[in-house]
Amino acid sequence: MNIMTIKAIDTATEAIGGRVGIGTANPTEALHVVGEIYAHDGDVCQRSPIPPNEITCLSSVRAFGVWNDRNKNGSPNTVAFNTTYLAQTDGFVCALLIITSGDGLGYLRGYTDSSNPPTTARAWTNEEQEETGRIQESITFPVRKGDYWKVDMYAPGSGTKKVYWMPIGN
Numbered sequence: 003m004n005i006m007t008i009k010a011i012d013t014a015t016e017a018i019g020g021r022v023g024i025g026t027a028n029p030t031e032a033l034h035v036v037g038e039i040y041a042h043d044g045d046v047c048q049r050s051p052i053p054p055n056e057i058t059c060l061s062s063v064r065a066f067g068v069w070n071d072r073n074k075n076g077s078p079n080t081v082a083f084n085t086t087y088l089a090q091t092d093g094f095v096c097a098l099l100i101i102t103s104g105d106g107l108g109y110l111r112g113y114t115d116s117s118n119p120p121t122t123a124r125a126w127t128n129e130e131q132e133e134t135g136r137i138q139e140s141i142t143f144p145v146r147k148g149d150y151w152k153v154d155m156y157a158p159g160s161g162t163k164k165v166y167w168m169p170i171g172n
């Protein structure tokens with residue numbers, strides 16, 4: 003919402019998509035008001051104890067994107083373990099190991115920060131099951147838009163080794 007001052011009154015100069023739930027059968031957005039608001043000669047004016055520029059407009063949006071299955075052994079467009087990536091949106095990284103046979107040793111380490119490569123560990127797991135050779139591990143950690151992230155993995159043997167990315171917003 004753009005705000006400009008005319009005659010010392012803060013005036014909203016941009017409608018919220020023309021849909022505020024007043025006189026519509028299917029509003030897709032809503033105008034939430036704290037205090038008293040009135041219209042005068044096409045201007046939106048404020049008569050309340052709320053300080054200037056404190057008119058807030060809220061709307062509902064789908065916050066989560068689509069899960070992106072990034073299999074280590076997938077196509078050339080997939081994301082690999084032990085590789086650094088730049089987050090284009092806020093999101094979550096989930097990594098999964100289900101090793102059915104091997105030496106029973108494995109780890110997942112999730113890193114994210116503003117460095118390239120990231121050096122701050124946000125999630126970490128180790129497992130030793132030398133008797134059975136089977137391990138099951140997973141980690142999940144948040145990533146901010148504009149930060150770098152990577153998942154380091156060690157798990158010799160056969161089984162499931164995947165990284166998932168869940169974007170939030172855009």
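Going by the working numbering, the sequence shown opens with residue 3, and the numbers climb by one from there. Ideal placement from N, C-alpha and C gives every residue a C-beta, glycine not left out. Since the model is a prediction, treat every value here as computed from it, not as a measurement.
When secondary structure is reduced to three states using DSSP, T162 falls in the strand class.
Within the same chain, P144, V145, R146, K147, P169, I170, G171 come within 8 Å of D92 by CB-CB distance, once the 5 residues on both sides are set aside. Sequence-distant Cβ neighbours of N84 in its own chain, meaning closer than 6 Å and more than five residues away, are D154. Comparing alpha carbon positions, the residue from L107, P158, Y150 closest to Q131 is L107. Residue state for N84 is assigned as coil, using DSSP reduced to three classes.
By the Cβ neighbour-count rule, P158 is exposed, with fewer than 16 other Cβ atoms within 10 Å of its own. At least 8 Å separates the beta-carbon of I141 from that of A123. In this chain, the beta strand (DSSP E) harbouring G108 covers 107 to 115. If you ignore the 5 residues before and after E129, its C-beta comes within less than 6 Å of the C-beta of G108, I137, E139, all in its own chain and listed in chain order.
A buried status is given to Y87, since no fewer than 16 other beta-carbon atoms sit within 10 Å of its beta-carbon.
Note: A125 is bridge-paired with G112 in the DSSP secondary-structure output.
Around E133, the same chain offers G106 as residues with beta carbons nearer than 8 Å, after the five sequence neighbours per side are excluded.
Distance from the CA of K163 to the CA of I100, rounded to the nearest whole angstrom, comes to 7 Å. For P144, the enclosing beta strand (DSSP E) stretches over residues 137 to 145. Separation of D115 and A89 (C-alpha to C-alpha, rounded to the nearest whole angstrom) is 10 Å. Across the set G135, T121, S160, the C-alpha of T121 shows the shortest separation from the C-alpha of R111. Just so you know, the alpha carbons of Y150 and G161 end up roughly 27 Å apart. Per the coordinates, the alpha-carbon of Y156 lies some 14 Å from the alpha-carbon of S103.
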